[in-house]
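Novice:
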Amino acid sequence: MGACKSLVHYSSKCDHVGPIPSELGLLSSLQSFDIEGNSRMTGTIPSELGLLTSLSSLDLAGTSITGPIPLSLCDRAVDGTLQIKANCSLVQCCK
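According to this note's numbering, the sequence shown is numbered sequentially starting from 4.
#1: Across the region 28-35 and the region 66-85, are there enough close Cβ pairs to call them in contact, namely three or more that are closer than 8 Å?
#2: Between residue 65 and residue 92, is the Cβ-Cβ spacing less than 8 Å?
#3: Please state if the CB of residue 45 and the CB of residue 28 are separated by a distance shorter than 8 Å.
#4: Can you tell me whether residue 94 is buried or exposed, with buried defined as 16 or more other CB within 10 angstroms of its CB?
#5: Look up residue 32 in the DSSP assignment and say whether it is helix, strand or coil.
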């Protein structure tokens, strides 16, 4: 997936299994990443997603992703440049 450098929007309602690949941090043009409802997606949010300065929408609702949202993403959510949807009972959401 990291080879798709010009990918702008990623949306998948397929039943993916496993973690979010850290190679997503290489997709410098990515503006939205939507895996809502992929309940078998597990693991944590890779810190490499914080490198995606064009990212404006991150939808992890309905997944089994756990752990903290990387601080670099929270900072952007707080300043309004990134919208994050996540299951806050599993993910330590931004305050």
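Using N, Cα and C, we set each Cβ at its ideal position, and we do this for glycine too.
All values reported here derive from a predicted model rather than from experimental measurement.
Specialist: Let me spell this out:
#1: no
#2: no
#3: no
#4: buried
#5: coil
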